[in-house]
Amino acid sequence: MSVKDIYYSDKYFDDEYEYRHVVLPKDIAKLVPKTHLMTETEWRSIGVQQSRVRDLLTMLKKHREPETSAEIRIIKNIIR
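Counting along the sequence shown from 1, when you hit position 31 you're at 31 in my numbering, and nothing is skipped either side.
What follows is the structure in structure tokens.
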């Protein structure tokens, strides 16, 4: 199996957040640590992809300031 076999659900929303389920093939799932939530760097290193640009556009459509360090990092990475 490869990263091409990673399944991404459609996004769904509540009043505050946007969600997506990601289903990993067994060989990739074995790389997920059981001791902590993965950082963005960790999940990207095993092949999971999420759109930084889409995250920024969603934030801009909501006309709000970034609230978390992750949102600020996304903006800084796009601007570079």
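Note that CB positions come from ideal geometry on N, CA and C, so glycine has one too.
> Of the choices Thr41, Ser45, Pro25, whose alpha-carbon is the least far from that of tyrosine 8?
Replying inline: Reading the sequence shown from its first residue, position 8 is the one you call residue 8. It is Pro25.
> What's the C-alpha gap between valine 32 and methionine 38?
Replying inline: For the purposes of this step, residue 32 is taken as residue 32 along the sequence shown, with counting starting at 1. For the purposes of this step, residue 38 is taken as residue 38 along the sequence shown, with counting starting at 1. Going by the C-alpha atoms only, they are around 8 Å apart.
>> Checking 8 Å against the spacing of the C-beta atoms, do valine 3 and valine 22 come in under that value?
In response: Walking along the sequence shown from the start, residue 3 turns up at place 3. Walking along the sequence shown from the start, residue 22 turns up at place 22. Note that the C-beta distance between valine 3 and valine 22 is not below 8 Å.
>> Please identify the residue among Glu42, Thr41, His36, Ala29 whose C-alpha is closest to the C-alpha of isoleucine 6.
In response: Your numbering for residue 6 matches position 6 in the sequence shown. With distances taken between Cα atoms, isoleucine 6 lies closest to Ala29.
> CA-CA distance, aspartate 27 and threonine 35?
Replying inline: For this step, residue 27 is matched to residue 27 along the sequence shown. For this step, residue 35 is matched to residue 35 along the sequence shown. One C-alpha to the other measures close to 18 Å.
> In whole angstroms, what is the alpha-carbon distance linking glutamate 85 and aspartate 14?
Replying inline: Only positions 1 to 80 of the chain appear in this structure, which leaves residue 85 out of reach.
>> In this structure, how does DSSP classify valine 32 when only helix, strand and coil are distinguished?
In response: Taking the sequence shown and counting its residues from 1, the one referred to as residue 32 is at position 32. Per DSSP, reduced to three states, the secondary structure at valine 32 is coil, with no helix or strand assignment.
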